[in-house]
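In the working numbering, the protein residues as written are 12 to 347.
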């Protein structure tokens, strides 16, 4: 959505509200805290109309940093935002003061089906967050675990190469994005569930891809409800409604794997000792009624972060190589 459309929605929304919904004590409270310098904000809309195209906020921030310094403040509707555009200060924030600044404001989109209450990305620091981070770090990202997945990674890459080779012999074009997505999807699903969720060039893979992409768009796009929390119940842009249709698609896939694993365990089958088994054994210290929701939120984080970004990176890299024959030839020579 371009800034013009968003701005129009903001103006229409604000015009429907009484000025009493924005109490004066909000301004008084804000003035008690020393804020970095920033551009003068307009009544009600703040600096929203000054941001430029929503697809290029980094350009606007770079321009503002030249005027107001490496740390500056913006008023985005009702939300006060601090922007750090210096590598030096960003390092201090993420290393020296990471715990103090670890809390995040959850976009309305991630509140669908209470995802934010169990999401590693959105939970505030606390026992629940630390428990989830510890399990994921130990079972997914530890050096010993990564080394144990070497053969699996080789297998999935070989399957992709075989698919490309077969398509080349048949004279069939290969869509790099979907093929890379399916490979990363199955690599992750084998790590978590010990099974593939889709086959290369399968309809189920494309449905999963569209669902993940849709969720990323809705969660990452501008939403009036995030700038004006008082408007959240109205869902003026329909973000929550669209998320209510997308999230269950992922949850159905996760429910199928969870149900199958629980049934196998009840029948005495040998457990594969993957992430799903570890999470089931840990029980995450919650009531049974919350346990399944917690699993689906964790899996949603992992699949959204681990599939969409990886496949997009591969697709963009291939596009760049096709535009640069010399670089392509150099890359081919290095692989031979």
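Every residue, glycine too, gets a C-beta built ideally from N, C-alpha and C. A quick note: this is a predicted structure, and the numbers were derived from the prediction, not measured.
Quick one: using the 10 Å Cβ neighbour count with 16 as the cut-off for buried, is residue i buried or exposed?
i: residue 32; result: Residue placement at residue 32 is poorly supported in this model, since its pLDDT is 49, which falls under 50; the coordinates still yield a value, given next. Per the 10 Å Cβ criterion, exposed.
i: residue 133; result: buried
i: residue 110; result: exposed
i: residue 269; result: buried
i: residue 327; result: exposed
i: residue 30; result: In this prediction, residue 30 has a pLDDT of 41, which is less than 50 and means its spatial position is unreliable; nothing more can be read from the coordinates.
i: residue 347; result: exposed
i: residue 333; result: exposed
i: residue 345; result: exposed
i: residue 240; result: exposed
i: residue 168; result: exposed
Helix or strand or just coil, what does DSSP make of residue i?
i: residue 123; result: helix
i: residue 142; result: helix
i: residue 73; result: helix
i: residue 187; result: helix
i: residue 263; result: helix
i: residue 168; result: helix
i: residue 41; result: Confidence in residue 41 is poor, its pLDDT being 49 and thus under 50, which makes the residue's placement unreliable; the coordinate value appears in the next sentence. Helix, per DSSP.
i: residue 133; result: coil
i: residue 271; result: helix
i: residue 109; result: coil
i: residue 203; result: helix
i: residue 317; result: helix
i: residue 234; result: coil
i: residue 284; result: coil
i: residue 279; result: coil
Name the two residues that bound the continuous alpha helix (DSSP H) containing residue i.
i: residue 346; result: 336-346
i: residue 243; result: No alpha helix (DSSP H) contains residue 243, which DSSP labels as neither H nor E.
i: residue 101; result: 98-102
i: residue 151; result: From DSSP, residue 151 is part of no alpha helix (DSSP H); its letter is neither H nor E.
i: residue 222; result: 214-231
Measuring alpha carbon to alpha carbon, tell me which residue in the options is nearest residue i.
i: residue 173; options: 190, 61 and 47; result: 190
i: residue 188; options: 290, 216 and 107; result: 216
i: residue 141; options: 95, 315, 221 and 309; result: 309
i: residue 259; options: 248, 146, 197 and 123; result: 123
i: residue 289; options: 277, 306, 301 and 261; result: 306
i: residue 302; options: 44, 266 and 51; result: 266
i: residue 192; options: 224, 131 and 161; result: 224
i: residue 48; options: 91, 67 and 68; result: 91
i: residue 329; options: 318, 319, 342 and 317; result: 342
i: residue 99; options: 226, 242 and 82; result: 82
i: residue 231; options: 62, 101 and 120; result: 120
In the DSSP assignment, what residue or residues form a beta bridge with residue i?
i: residue 57; result: 53 and 87
i: residue 94; result: 83
Cβ of residue i less than 7 Å from any chain C Cβ?
i: residue 169; result: Absent here is chain C; the protein component of the structure consists of one chain.
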